[in-house]
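**Q**
Numbering (our numbering), first residue to last: 590 to 1216.
Quick look at the structure:
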C-alpha cells in the first residue's frame, strides 16, 4: 500500500474545473439519465425531446398557446409553440447559460407557477448535447434566431416586421459524438405526446402531421392502457390541482400512472404514496370495515395527477417526486387524503352499484389472502433458511432501493442452467448486476392461484430475490432481465417466466421493469475485426465486410459464449427488448392459447407455421469467396 501511495502522482495539476458545457458533455447522465440508442423509451434522446417540450407545455399552463407542433425528420427534432415567446434580449442566455430562466420566481415574479421546468437546466442540456441547435423567438412582429453547435454559439440574427405568430421554435440534432448511432422509435415519441395531452385538456399536439388531443384527461389514459376489462366503470374525479381515476381489474398487483405538473413520474413519489394510503383509508371508512389495505388495493388500476408549487424531484430526470407539500403549509398527504375523503365518498354514495362491485372485489381479495397465509408462513420460513445460502442468487452490491447514483442501473438476469449463469456471473458488473439461476423449465403457472408462488420453491425464491411480495416499492432491481437461449427450449422458458409475471406480478411489466436479453446468434471475424450478429441479415453483412477469410461461429446457447465475450453483451451496448402491456394486447386470450390446455389448436398452429432452419454457413462462404 505504501508503494502504491508513493507511486501516485496526485497534485494540484490533477484538479480540474469544468465549464457547465464541458461538464454536461462529459457527464450527460447526471442531466438526462442514460444515453442509449433510442431502443428504450427512457433513452436520453427522448429525454431531450421532453425537456424541450416541457417549456412549451409550461406556456400552455400559463394560458399562452393552445397548440404545439413537433416534427422529427432525418434525426432533426423541431418543436414550435404559440406561447409568449422567450424575451428576445434574453433568448441566447436562456438556451445556453446554466441557471438562467424565468422560472425562479425572482422579485415576486409569477411568469411561471406550478410548472415542470424549474431548474434552468433542460434546454441548455439539449443545446450542449446537440451537434446542431437553433432557437427562434417571435414577439409582436420582432424575431431573434440564435444557432449553436455543441453548445457554442454560431450565429445571432434579429428581424423586424415578421408576420409569424408569437411563440418559440427549437430545433436540434443530437450529437453522435456523445450518443453514438441512434434512431427514434416514433411509438415512444407518440406515447410521450399522448401523456402530455392526457394531462393538459385543451392542448393540441401535432406530431409529424398527426393531431393528438384528449377530451377526458386521465380517464382517456386509463382506458387506453388497460389490458383487461375493468370490474366497474372507472371513477373519474377532478378538483383544484388534482385529478384521479380509480378502477379494479381481475389480476394481482397494483397499477398506477402518476404525474406532477404534467410530468410522468414513472417511479411515483410522495403523491403516489399519499394516493395509495388515501384510497385504503377512504374505502375502509366508507364501508365501515377494517379492511387490510392490501385487500383494498390488489388489482387496482389508477392514475393521479397533481399540480405542485416548486416541485422537488429526486433527480434531474424528474421520475420520482420528493416534495412533501403541495404548496407552503399544505402537506401532500393531507391534500390528497382530504380530496378522496370527500370526492370518492360522495361518488360511491351516488353510485351504489359501483360501491357493491368494489366491496365484493375487496372481500374476494381478503378471502384469497387468508387462504394464502397458511402456506405463506411456511414458505417464508423456508425462504429465510435458503436465502442464507441461496445458490440460485448471485447478488450485486447496489440495489434499486439504495440511495446511490447507480441505483437505476441495478438489474438481475434470470438464466437457465448453470452454464449460462456461470458465463454471466463471471462477466457481470458485481456492483449493479445480479444473477438468478433456474434449474430448468419453471412451472406453467397459467390459471393457478397465488398460493403456487409460495408452494413452488423456485417461484418463492425468485419472489424473495426481487422483494416484491408486499408491493413494488421495494423492488430491488430496476431491470428484471430474462436471459435464455435463443432456441425452442429458451423461448419456452421465456413464455413460462412471462406467464409467471403476468399472472402474479403484472406491475413489474406495467412499470417497465421486465426485459428480454438479446444475445448474438453468430460471431463473424477475421484477423482484423470481429462482428457479433443478432440476425441472419447482420451475419450476411458481416461476412461481406470480413471477406473470404471470415471465421463464422454459431452460438447455440449462452453457455457457449465465453465470459470475456459475454461482457460485451451485458455492458453499455446491451440489447434489451422491453416487455410491455397495451390495450391492444389480449392478454387472457394469448395466455390461454400459448399456455392453456388447448393442445390441439396449438399443435395445429405450430404445424401451419413451421419453418425448417438450415445451416447455410458453408454455402454463404462460397458465394462470398466468388465475390
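Each residue gets a CB set at the ideal place from its N, CA and C atoms; glycine is no exception.
#1: Excluding the 5 residues flanking residue 932 on each side, which residues of the same chain have their C-beta closer than 7 Å to its C-beta?
#2: When you compare each of 1098, 681, 689 to residue 742 by their alpha carbons, which one comes out closest?
#3: Under three-state DSSP, which class holds residue 803?
#4: Which residues does DSSP list as the beta-bridge partners of residue 760?
#5: Mind checking which residues open and close the alpha helix (DSSP H) that includes residue 1217?
#6: Which stretch, first to last residue, makes up the alpha helix (DSSP H) that contains residue 714?
#7: Is DSSP giving residue 826 helix, strand or coil here?
#8: DSSP on residue 633, reduced to helix/strand/coil?
#9: Which residues does DSSP pair with residue 833 in a beta bridge?
#10: Please list, in chain order, all residues of the same chain as residue 1095 whose beta carbon is under 8 Å from its beta carbon, the five residues on each side excluded.
#11: Taking just the CA atoms, how far does residue 824 sit from residue 806?
#12: Just tell me which of 713, 614, 632, 1042 has its CA closest to the CA of residue 958.
#13: By a C-beta neighbour count over all protein chains shown, 10 Å radius and 16 as the cutoff for buried, is residue 730 buried or exposed?
#14: Does the count of Cβ pairs from the segment 773–781 and the segment 711–723 closer than 8 Å reach three?
#15: Is residue 751 helix, strand or coil when you go by DSSP?
#16: Report the three-state DSSP secondary structure of residue 609 (helix, strand or coil).
#17: Do residue 882 and residue 867 have their C-beta atoms within less than 7 Å of each other?
#18: For residue 1029, which of 607, 909, 890, 1074 has the nearest alpha-carbon?
#19: Three-state secondary structure (DSSP) at residue 985?
#20: Kindly list the residues whose CB is nearer than 8 Å to the CB of residue 996, restricted to its own chain and excluding five residues on each side of it in sequence; keep chain order.
#21: Does the segment 797–815 come within contact of the segment 665–677, defined as at least 3 CB pairs closer than 8 Å?
#22: Between residue 858 and residue 909, how many whole angstroms is the CB-CB distance? I'm expecting something under 8 Å.
#23: Using a threshold of 7 Å, state whether the C-beta atoms of residue 1093 and residue 1103 are closer than that.
#24: Who are the near neighbours of residue 605 in its chain, counting only those whose CB is closer than 7 Å to its CB and skipping five residues on each side?
#25: Buried or exposed: residue 635, going by 16 or more other Cβ atoms within 10 Å of its Cβ?
#26: Check whether the segment 758–771 and the segment 624–631 touch, using three or more Cβ-Cβ pairs below 8 Å as the test.
#27: Thinking C-alpha only, which one of 1055, 1069, 1000 is nearest residue 1063?
#28: Please confirm whether residue 1012 and residue 1150 have their CB atoms less than 7 Å apart.
#29: Buried or exposed: which applies to residue 938, given that a residue is buried once 16 or more other Cβ atoms fall within 10 Å of its Cβ?
#30: Can you give me the C-alpha to C-alpha distance between residue 562 and residue 953, rounded to a whole angstrom?
#31: According to DSSP, is residue 1167 helix, strand or coil?
#32: Would you check if the segment 651–660 and the segment 784–804 touch, i.e. whether three or more CB-CB distances between them fall below 8 Å?
#33: Looking at the secondary structure, which residues open and close the beta strand (DSSP E) in which residue 845 lies?
#34: Beta-carbon separation of residue 837 and residue 956 under 7 Å?
#35: Taking Cβ to Cβ, would you say residue 732 is nearer than 7 Å to residue 721?
#36: At the level of alpha carbons, what is the spacing between residue 1125 and residue 1040?
**A** Let's see:
#1: The answer, listed in chain order, is 826, 828.
#2: Looking at the Cα atoms, 681 is the closest of the given residues.
#3: Coil at residue 803, not helix or strand.
#4: 667, 723
#5: Because the chain in this structure spans residues 590 to 1216, residue 1217 falls outside the shown range and cannot be described.
#6: 711–717
#7: strand
#8: Residue state, collapsed to three classes: helix.
#9: 826, 893
#10: 840, 841, 842, 844, 1170
#11: If you draw a straight line from the Cα of residue 806 to the Cα of residue 824, it comes to about 13 Å.
#12: 1042
#13: exposed
#14: No, the segment 773–781 does not touch the segment 711–723.
#15: coil
#16: helix
#17: no
#18: Looking at the Cα atoms, 1074 is the closest of the given residues.
#19: Residue state, collapsed to three classes: coil.
#20: 987, 988, 989, 990, 1067
#21: No, they do not touch.
#22: 5 Å
#23: no
#24: none
#25: buried
#26: Touching, yes.
#27: 1055
#28: yes
#29: Counting Cβ neighbours within 10 Å, residue 938 comes out exposed, since fewer than 16 surround it.
#30: Residue 562 is absent from the structure shown; the chain starts at 590 and stops at 1216.
#31: For residue 1167, the three-state secondary structure derived from DSSP is strand.
#32: Taking 8 Å as the limit for Cβ pairs, the verdict is that the segment 651–660 does touch the segment 784–804.
#33: 844–849 is the extent of the beta strand (DSSP E) around residue 845.
#34: no
#35: no
#36: 43 Å
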